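K.L.:
This is the structure, below, for whatever I ask next.
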Amino acid sequence: MADAPAPAPDRSELTVRAARTSDVRAMRDLIEPYVRRRILLGKELVTLFEAVQEFVVAERDGQVVGCGALHVMWEDLGEVRTIAVAEGALGKGVGHAMLVDLEERARQLGLTRLFCLTFETDFFGRHGYEEVAEQVVEPEVFVELLRSADGGVAEFLDLAHVKPNTLGNTRMLKRL
């Protein structure tokens with residue numbers, strides 16, 4: 118019996134664009150498997166709708182195969198968050214394309230530093246992110262950020278009340 122031929126590489130075009138409200142349910146479906154594996158924090162559907170303007174989606178053949186967000190934290194600092202790629206699209210440049218797009222959006226906003234809290238240290242390391250242990254904001258900025266109701270900001274600040282959600286994650290930073 119002859120070996121089966123290798124599957125053809127995926128040559129269909131990948132498009133990264135701003136997310137629309139019509140994408141939110143597909144985004145939730147992409148994120149959910151990562152939540153079950155405790156890689157990403159779960160987000161209520163309403164939270165995704167409220168933050169849709171922060172998201173980009175990657176689309177191939179009319180299907181949303183990835184999503185990711187840029188959250189501005191301070192005048193020079195943003196967070197790349199909630200990057201999720203469909204299982205069948207892993208290793209095909211989807212995460213890379215979204216991250217490049219999010220970094221360009223950050224530059225256009227005037228941000229000079231991007232932060233992420235991740236288990237995917239190799240991926241982010243290949244894109245110029247470096248592990249950080251120390252606090253990366255000035256004390257007066259830290260005090261201002263404490264006022265944020267956003268859970269991601271609390272994670273960034275490494276506050277004790279979010280520790281159960283962040284165990285094992287690595288804080289990484291890139292200068293743009």
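Using my numbering, read the sequence shown as starting at 118 and increasing by one per residue.
C-beta: ideal position from N, C-alpha, C; glycine also.
Treat the numbers as computed from the prediction; the structure is a model and nothing was measured.
Among Asp146, Val169, Val182 and Glu171, which residue has its Cα nearest to the Cα of Gly159?
P.N.:
As a working note, residue 159 is residue 42 in the sequence shown. Checking every option, the nearest Cα to that of Gly159 belongs to Asp146.
K.L.:
Leaving aside the five residues before and after Thr287 along the sequence, list all residues of the same chain whose C-beta is less than 8 Å from its C-beta, in chain order.
P.N.:
Locating residue 287 in the sequence shown gives position 170, where the first residue counts as 1. Excluding residues within five positions, the ones whose Cβ falls inside 8 Å are Leu234, Thr235, Phe236, Thr238 and Glu248.
K.L.:
Using a threshold of 8 Å, state whether the C-beta atoms of Arg292 and Thr199 are closer than that.
P.N.:
Indexing the sequence shown from 1 puts residue 292 at position 175. Indexing the sequence shown from 1 puts residue 199 at position 82. Cβ distance not < 8 Å, so Arg292 and Thr199 don't count as in contact.
K.L.:
Could you pull out every residue in the same chain whose Cβ sits closer than 6 Å to the Cβ of Val181, ignoring the five residues on either side in sequence?
P.N.:
The residue labelled residue 181 in the question sits at position 64 within the sequence shown. Only Asp140, Ala143 and Val174 meet the Cβ criterion.
K.L.:
What is the rounded straight-line gap between the Cα of Leu207 and the Cα of Pro150?
P.N.:
Here residue 207 corresponds to residue number 90 of the sequence shown, with the count starting at 1. Here residue 150 corresponds to residue number 33 of the sequence shown, with the count starting at 1. For Leu207 and Pro150, the distance between alpha carbons rounds to 13 Å.
K.L.:
Taking Gly195 as the reference, give the member of Phe232, Arg153, His213 and Thr138 with the closest Cα.
P.N.:
Here residue 195 corresponds to residue number 78 of the sequence shown, with the count starting at 1. That would be Phe232, whose Cα lies nearest to the Cα of Gly195.
K.L.:
Evaluate Ala125 with the Cβ neighbour count: other Cβ atoms within 10 Å of its Cβ, from every protein chain shown; 16 or more gives buried, anything less gives exposed.
P.N.:
For the purposes of this step, residue 125 is taken as residue 8 along the sequence shown, with counting starting at 1. The pLDDT assigned to Ala125 is 47, lower than 50, so where the model puts this residue is not dependable; a value taken from the coordinates is nonetheless given after this. So Ala125 counts as exposed.
K.L.:
Look at the alpha carbon of Thr166 and the alpha carbon of Leu187, and state the distance between them as a whole number of angstroms.
P.N.:
As a first step, residue 166 is located in the sequence shown; it is residue number 49 there, counting from the start. As a first step, residue 187 is located in the sequence shown; it is residue number 70 there, counting from the start. Here residue 166 is Phe; the residue named in the question, Thr, does not match the sequence. Approximately 15 Å, taken between the alpha carbons.
K.L.:
What's the C-alpha gap between Glu192 and Arg222?
P.N.:
Indexing the sequence shown from 1 puts residue 192 at position 75. Indexing the sequence shown from 1 puts residue 222 at position 105. Near 14 Å, if we compare the C-alpha coordinates of Arg222 and Glu192.
K.L.:
With C-beta atoms as the reference, is Leu226 less than 8 Å away from Gly185?
P.N.:
On the sequence shown, position 109 is the one that residue 226 refers to. On the sequence shown, position 68 is the one that residue 185 refers to. It is not a contact, given that the beta carbons lie outside the stated cut-off.
K.L.:
Output needed for Ala111: all residues of its chain with C-beta closer than 7 Å, excluding positions within five of it in sequence on either side, in chain order.
P.N.:
Because the chain in this structure spans residues 118 to 293, residue 111 falls outside the shown range and cannot be described.
K.L.:
So, helix, strand or coil for Ser129, using DSSP?
P.N.:
Numbered from its first residue, the sequence shown carries residue 129 at position 12. It is coil, neither helix nor strand.
K.L.:
Between Val211 and Gly179, what straight-line distance do the alpha-carbon atoms span, to the nearest angstrom?
P.N.:
Numbered from 1 along the sequence shown, position 94 holds the residue referred to as residue 211. Numbered from 1 along the sequence shown, position 62 holds the residue referred to as residue 179. Roughly 14 Å separates the two Cα atoms.
K.L.:
Applying the criterion that 16 or more other CB atoms from any shown protein chain within 10 Å of the CB defines a buried residue, is Leu162 buried or exposed?
P.N.:
For the purposes of this step, residue 162 is taken as residue 45 along the sequence shown, with counting starting at 1. Exposed: under 16 other Cβ atoms inside 10 Å.
K.L.:
What residue range is occupied by the uninterrupted beta strand (DSSP E) comprising Val174?
P.N.:
Translated into the one-based positions of the sequence shown, residue 174 becomes position 57. Residues Phe172 to Arg177.
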